[in-house]
Amino acid sequence: MSSIKMFEKPLGMRDTFPITYEKIEEVRQTGRKFLRARGFDFIETPSLEYFDTVGKASAIYDASLFKLVDSQGNTLVLRPDMTTPIARVATSKLLKEKIPLRLAYFANVFRAQQTEGGRPAEFGQMGIEIIGDSSVYADAETIITAIHLIQSFGIHSFKITIGHAGVLNCILKDYTESVEQAEKLRGLLVERNYVGFEEAVEQFHLPKTKSDALLQFIGEATNIVSIEHIEKYVRKNDALEYMQQLMELVSTANLSPYVALDFTLSSHMNYYTGMLFEVFAEGSGFALGNGGRYDGLLECFGSEVGATGFGIRVDRLLEVLPTKPTLDQQVAIIFEESQFTKALEMANHFRQQGKLVTVQSKKGLFDEEAFMKQFEKVVYVSQED
Numbered sequence: 002m003s004s005i006k007m008f009e010k011p012l013g014m015r016d017t018f019p020i021t022y023e024k025i026e027e028v029r030q031t032g033r034k035f036l037r038a039r040g041f042d043f044i045e046t047p048s049l050e051y052f053d054t055v056g057k058a059s060a061i062y063d064a065s066l067f068k069l070v071d072s073q074g075n076t077l078v079l080r081p082d083m084t085t086p087i088a089r090v091a092t093s094k095l096l097k098e099k100i101p102l103r104l105a106y107f108a109n110v111f112r113a114q115q116t117e118g119g120r121p122a123e124f125g126q127m128g129i130e131i132i133g134d135s136s137v138y139a140d141a142e143t144i145i146t147a148i149h150l151i152q153s154f155g156i157h158s159f160k161i162t163i164g165h166a167g168v169l170n171c172i173l174k175d176y177t178e179s180v181e182q183a184e185k186l187r188g189l190l191v192e193r194n195y196v197g198f199e200e201a202v203e204q205f206h207l208p209k210t211k212s213d214a215l216l217q218f219i220g221e222a223t224n225i226v227s228i229e230h231i232e233k234y235v236r237k238n239d240a241l242e243y244m245q246q247l248m249e250l251v252s253t254a255n256l257s258p259y260v261a262l263d264f265t266l267s268s269h270m271n272y273y274t275g276m277l278f279e280v281f282a283e284g285s286g287f288a289l290g291n292g293g294r295y296d297g298l299l300e301c302f303g304s305e306v307g308a309t310g311f312g313i314r315v316d317r318l319l320e321v322l323p324t325k326p327t328l329d330q331q332v333a334i335i336f337e338e339s340q341f342t343k344a345l346e347m348a349n350h351f352r353q354q355g356k357l358v359t360v361q362s363k364k365g366l367f368d369e370e371a372f373m374k375q376f377e378k379v380v381y382v383s384q385e386d
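So for the sequence shown, this note's numbering puts the first residue at 2; every next one is plus one.
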C-alpha cells in the first residue's frame, strides 16, 4: 500500500472528529427529546436494503446508489434516504398496529459521488414521517414541527419555502404542448435553473399566450404573497384550496413569518404528490432540509394511505448552530507511578462534581506541554502531595 493511499478515504467519505461528534450527539439528544414530546416514536432501519424494492422506490438517481451483491446474488443498496425504508416497514408491519403512525429517525444515508466536489457520500439525517393521515392537518403538523424543531436548536433566522407538486404540474401541462416539454421545464426547476427555463420556453416556439404566461410565472412565482396571486396561472382546483387552508393553519399557529410560497419548487424526489417545502437558514447556502406529502410512495409497497414528513441534514444544521459556551470543565490528573491509587480517588471526587476527568501517567506523556493545553485545569499527583 502506498503512503498516499494509506491516509485517503473513499470518494465523499468523511471522518468525524471529537468536537464535531459531540455536537452531533447534542443535536441527536435535543431532537430526540423534542420529537418524543410531540408523540413521535423513533425507528431504525438496516443500512442495507434490496435494490428492487427500496432502491428503485427511493427516486434517487441510479448513479447515486451504492450497490453490492450478496452471497445469494441479490443486488443490495446502502439506504439512500430514510423515507423509503420507513415506508417499507410501515406498510409491512406497523400500519396493522396503529394508524396514523408518527415516526422519527436519526440515521446516516448514502449517496455516491461521481467527482470530488466537497459533497459527502454519507451524511446524517433527522426527520419525521406521519403515515396514514391524508388531511391538511398532517401537513400543517409537519411544517409546524419542522419550524419548532429548528427553533429548539437556537436557530431563529430561517425560512421555509412551500410549493405544491400538483399546482406546478398543472401549470406546466396547461402551458406546454407535450409531456416532454413539461418534463424538460420541471427538470430545470429542480436544478433552479431559471435562465435555462426561460431559454427552453423560447426554444419551444409555443403560442405567444402560453410562452408569455410561463415567462411571467417564472418571474413572479418565487415571490407570491398569497394563494390568490397564483390563481391567474392555474384554474381553481382542490390543490389551491388545500394550500389556502394549509397557510391558514400555519397562520393560526402564529408561524407565518417563517414561511413563504414558491410555486416553482420541484424535487428530484418524484414521489412528492402534493405540498412540498425546503428549509433555508442564514449562514448556509444550501437547504437545511426538505419535506412534503408523498402519498404515491406507499403504493409501491401495496398500501394506499397518505403520508407526509421532512428530513433535516445534520451536517448543514451544524454549520448554522449558534456557538454555545462549554459548561463541562475538563480536568487532567497527571500522576507519578507510585500515586496511581490516589489519582483514581481524586478523579472520582472531581467526576462527582460533574467535571470531565482524564487520568494520565506522567511516564506515558511524550509532550507534556501539548497534552496540558487540551484541559482547563491540570492537577499533579506526586509523592510530595
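Idealized CB from N, CA, C, for every residue including glycine. Please read all numbers here as calculations on a predicted model, not as lab measurements.
The Cβ-Cβ distance between residue 132 and residue 105 does not fall below 8 Å. Per DSSP, the beta-bridge partners of residue 77 are 51, 69. If you keep only unbroken beta strand (DSSP E) runs of at least 3 residues inside the segment 236 to 293, you get 260 to 262, 276 to 282. The segment 120 to 131 makes no contact with the segment 223 to 232, as fewer than three CB pairs between them are under 8 Å. Rounded to whole angstroms, the Cβ separation of residue 310 and residue 84 is 6 Å, and the two are in contact under 8 Å. The shortest C-alpha to C-alpha distance from residue 344 to any of 355, 354, 359 is the one to 359.
In the three-state DSSP reduction, residue 42 falls in the strand class (E or B). By the Cβ neighbour-count rule, residue 317 is buried, with 16 or more other Cβ atoms within 10 Å of its own.
Residue pairing for residue 361: DSSP places it in a beta bridge opposite 335. The segment 107 to 187 is shown to contain whole beta strand (DSSP E) runs of 3 or more residues at 123 to 132, 159 to 165, in chain order. In chain order, 50, 66, 78 place their CB closer than 7 Å to the CB of residue 56, counting only its own chain and leaving out the 5 sequence neighbours on each side. Residue state for residue 62 is assigned as coil, using DSSP reduced to three classes. Annotation for residue 314: the continuous beta strand (DSSP E) segment containing it runs 308 to 314. Taken through DSSP and simplified to helix, strand or coil, residue 345 comes out as helix. Sequence-distant Cβ neighbours of residue 107 in its own chain, meaning closer than 6 Å and more than five residues away, are 29, 127.
Boundaries of the beta strand (DSSP E) around residue 379: 378 to 382.
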